[in-house]
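For reference, the structure is listed below as structure tokens.
In UniProt numbering, the protein residues as written are 1 to 143.
Here it is, written out as structure tokens:
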């Protein structure tokens with residue numbers, strides 16, 4: 001733990017931003033870096049139905065570009081000397097966060113308890129709970 005990076009998954013919500021403060025505090029305590037991870041959902045669609053004006057691949061690329069822009073804005077606001085890496089992945093949030101968390105260079109995950117609101121909150125699994133239950137490293141869930 002003391003030599004590995006802190007993973008902070010974010011969906012750019014206010015709750016996730018609150019967890020960032022804890023990630024920075026832990027990284028400063030252990031003198032390690034922070035890896036910021038955003039997972040973009042893989043859009044589903046079938047071009048044969050002609051429902052989408054663009055292909056799922058184009059939509060995913062657009063979503064990744066938007067996430068990259070938000071990531072750059074976030075980094076511009078951070079006032080820290082810590083080593084910070086950013087990663088944007090495409091797919092299921094739980095699967096991608098666990099893949100990153102269970103890598104050899106992650107010592108702890110600091111994750112918000114929830115970022116989704118409204119109907120989306122009820123239709124999706126609790127990402128923080130899944131990560132806390134399945135990660136091989138310690139997980140700090142921040143309310």
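Even for Gly, the Cβ is constructed at its ideal location relative to N, Cα and C.
- In the assembly as shown, residue 80 is an exposed residue. Its beta-carbon has fewer than 16 other beta-carbons within 10 Å.
- A residue is called buried once 16 or more other Cβ atoms fall within 10 Å of its Cβ, and residue 29, having fewer, is exposed.
- The three-state reading of DSSP puts residue 4 in coil, since its state is none of H, G, I, E or B.
- Along the length of the region 22–100, whole alpha helix (DSSP H) runs at least 4 residues long occupy 56–77, reported in chain order.
- A Cβ-Cβ separation of about 20 angstroms leaves residue 98 out of contact with residue 22 under the 8 angstroms criterion.
- In this chain, the beta strand (DSSP E) harbouring residue 112 covers 106–112.
- In this structure residue 111 is in contact with residue 131, their Cβ atoms being roughly 6 angstroms apart against a cut-off of 8 angstroms.
- Buried is the label assigned to residue 16, since at least 16 other Cβ atoms lie within 10 Å of its Cβ.
- About 22 angstroms separates the beta carbons of residue 2 and residue 87, which is beyond the 8 angstroms limit, so they are not a contact pair.
- Apart from the 5 residues on each side of it in sequence, residue 18 sits with its Cβ closer than 7 angstroms to the Cβ of 112, 142 in its chain, given in chain order.
- For residue 9, the beta-bridge partners assigned by DSSP are 37.
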